[in-house]
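Taken in order, the sequence shown gives residues 28 to 369; the numbers are from my numbering. Even for Gly, the Cβ is constructed at its ideal location relative to N, Cα and C. If you're wondering where the values come from, they're calculated on a predicted model, not measured in any experiment. Worksheet: the structure to be examined is printed underneath.
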Amino acid sequence: MSINPLNQEFQGSSISHWQSQLANAFRHPHELLQFLNLDHELNPINQDLTTVTNQFSFLVTRYYAERIQKGNPQDPLLLQILPTSNEDNDHAGFVNDPVGDNKAIKTPGLLQKYQGRALLILTGTCPIHCRYCFRREFPYQQQQLGSAHEQLVIDSLAKQPNITEIILSGGDPLILGNRRLEQLIQNLQAIPHIKRLRIHTRVPTTLPSRIDDQLKAVLSNTRLKTVLVTHINHPNEISEQQSLNAIAKLAEANVHLLNQSVLLRNINSDAKTLVELSEALFSAGISPYYLHKLDKTRGTAHFEVSDSMAQAIYQELQSLLPGYLVPKLVREIPGQPSKTLQ
Numbered sequence: 028m029s030i031n032p033l034n035q036e037f038q039g040s041s042i043s044h045w046q047s048q049l050a051n052a053f054r055h056p057h058e059l060l061q062f063l064n065l066d067h068e069l070n071p072i073n074q075d076l077t078t079v080t081n082q083f084s085f086l087v088t089r090y091y092a093e094r095i096q097k098g099n100p101q102d103p104l105l106l107q108i109l110p111t112s113n114e115d116n117d118h119a120g121f122v123n124d125p126v127g128d129n130k131a132i133k134t135p136g137l138l139q140k141y142q143g144r145a146l147l148i149l150t151g152t153c154p155i156h157c158r159y160c161f162r163r164e165f166p167y168q169q170q171q172l173g174s175a176h177e178q179l180v181i182d183s184l185a186k187q188p189n190i191t192e193i194i195l196s197g198g199d200p201l202i203l204g205n206r207r208l209e210q211l212i213q214n215l216q217a218i219p220h221i222k223r224l225r226i227h228t229r230v231p232t233t234l235p236s237r238i239d240d241q242l243k244a245v246l247s248n249t250r251l252k253t254v255l256v257t258h259i260n261h262p263n264e265i266s267e268q269q270s271l272n273a274i275a276k277l278a279e280a281n282v283h284l285l286n287q288s289v290l291l292r293n294i295n296s297d298a299k300t301l302v303e304l305s306e307a308l309f310s311a312g313i314s315p316y317y318l319h320k321l322d323k324t325r326g327t328a329h330f331e332v333s334d335s336m337a338q339a340i341y342q343e344l345q346s347l348l349p350g351y352l353v354p355k356l357v358r359e360i361p362g363q364p365s366k367t368l369q
């Protein structure tokens, strides 16, 4: 999968600071390794990743790269985004659509899995390409919500009074420009039975300049109760002031902030790291929400934590934190009416 880091929603318009930062992201692993003083150490391992990066392209913002410790090949942020030859290995049970997205597509850009909720795929663009991504092979070109299909989706939602919550996803929905988001939110809030808007994003810790005053105004000026779910897996991702300022700006917009993490081998697969993460999140004003078992996407088996290890980590986590700081350990099983508690 190849994703254009400057999506069509703002091509041809004046480029803002955050869009310039996105355009200046690293697009090849060797560029990043050279920046991190790891090119000599890791090049023999990563010298031929053409097949891997053709299947799922490489992209990481310089802001995120600056959070990675230079000279450390085991940095937990680096391991989330560095392609390896492991992605080319097939493993039983690891498939191209592990959560049943394709079967849930109702019309381009609209997925419906759960009672009372609908999910909109707004873009295939992200500020970083996490190598464990469960939508590595999602057909974005055909199935994202473009302007040609938006009215069809709005009309479909208006005819379903049981739908009370809309989830904006992608890719990363906050990669869309402010005008595009504002128009979409206005169209959604015009549907009387829609009460809540939920946005899933990695932007606050990968491209925090995206959380600008205009976006704050867009999120403030809606009748919809807005929930923003950050995707933060490690405390080092939330340690820098610019990210904290972006999170604070979202809180000022009366956005309810939650976090979901993915349990990843050798990245956050120990109770100490997860305790530090929950504490850092809460200090920043974000409530821990979900700790996901890995979605078994083809090419991601090297990130998997066994069920027995996950349970042991989680039991230790429960013993170390007050209940309100313990995220729910869950797995998504296709066809089930909700996330499955583990």
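From the DSSP output, read off the bridge partner residues of residue i.
| i | result |
| --- | --- |
| glutamate 303 | Answer by DSSP bridge pairing: none, since glutamate 303 is not bridged. |
| histidine 319 | Val289, Val357 |
| phenylalanine 14 | Because residue 14 is not part of the residues shown, which for the chain are 28 to 369, the question remains open. |
| serine 247 | DSSP lists no partner for serine 247. |
| threonine 232 | Beta-bridge pairing links threonine 232 to no other residue. |
| valine 254 | Arg225, His283 |
| isoleucine 155 | Val87 |
| serine 183 | Bridge partners of serine 183: none, in fact. |
| serine 196 | Ile148 |
| serine 314 | Leu285 |
Report the option in the options whose CA atom is closest to the CA atom of residue i.
| i | options | result |
| --- | --- | --- |
| leucine 277 | Glu192, Ser247, Cys157, Gln61 | Ser247 |
| serine 47 | Pro154, Ser288, Ile181, Asp334 | Pro154 |
| arginine 163 | Asn189, Asn123, Leu211 | Asn123 |
| histidine 329 | Gln107, Asn81, Leu76, Phe83 | Gln107 |
| glutamine 101 | Lys323, Asn293, Gln241, Leu304 | Asn293 |
| arginine 325 | His156, His319, Phe161 | Phe161 |
| valine 282 | Leu271, Lys130, Ile313 | Ile313 |
| arginine 358 | Leu347, Ser305, Ser288 | Ser288 |
| alanine 244 | Met336, Asn205, Glu177, Asn214 | Asn205 |
| alanine 275 | Asp239, Ala337, Leu251, Ile259 | Asp239 |
| phenylalanine 165 | Leu49, Ile42, Leu179, Ile148 | Ile148 |
| asparagine 116 | Leu86, Glu93, Leu76, Arg89 | Leu76 |
| leucine 215 | Pro235, Pro231, Gln187 | Gln187 |
| arginine 207 | Glu177, Glu114, Pro219 | Glu177 |
Is the beta carbon of residue j closer than 8 Å to that of residue i?
| i | j | result |
| --- | --- | --- |
| proline 315 | valine 254 | no |
| isoleucine 265 | alanine 298 | no |
| glycine 197 | threonine 257 | no |
| asparagine 295 | proline 103 | yes |
| isoleucine 212 | threonine 152 | no |
| tyrosine 159 | leucine 301 | no |
| glutamate 209 | proline 262 | no |
| glycine 143 | isoleucine 190 | yes |
| leucine 184 | isoleucine 221 | yes |
| leucine 224 | isoleucine 193 | yes |
| leucine 368 | lysine 355 | yes |
Helix or strand or just coil, what does DSSP make of residue i?
| i | result |
| --- | --- |
| lysine 133 | strand |
| alanine 145 | strand |
| serine 270 | helix |
| glutamate 58 | helix |
| glycine 191 | For the sequence presented, residue 191 should be read as threonine rather than glycine. Of the three classes helix, strand and coil, the one that applies to threonine 191 here is coil, per DSSP. |
| valine 126 | coil |
| proline 71 | Annotation note: pLDDT 47 at proline 71 (below 50); position unreliable, no value reported. |
| threonine 80 | helix |
| asparagine 31 | Residue placement at asparagine 31 cannot be trusted, given a pLDDT of 46 that sits under 50; what the coordinates show is reported in the next sentence. Three-state DSSP puts asparagine 31 in coil, outside helix and strand. |
| histidine 227 | strand |
| tyrosine 367 | Residue identity check: residue 367 is threonine in the sequence provided, not tyrosine. Reduced to three states, the DSSP call for threonine 367 is strand. |
| serine 333 | coil |
| leucine 348 | coil |
| leucine 63 | coil |
| leucine 104 | helix |
| glycine 362 | coil |
| tryptophan 45 | helix |
| leucine 203 | coil |
Since residue i and residue j are thought to touch, with beta carbons under 8 Å apart, how far apart are those beta carbons, to the nearest angstrom?
| i | j | result |
| --- | --- | --- |
| threonine 233 | tyrosine 91 | 5 Å |
| leucine 195 | proline 135 | About 15 Å; that fails the 8 Å criterion. |
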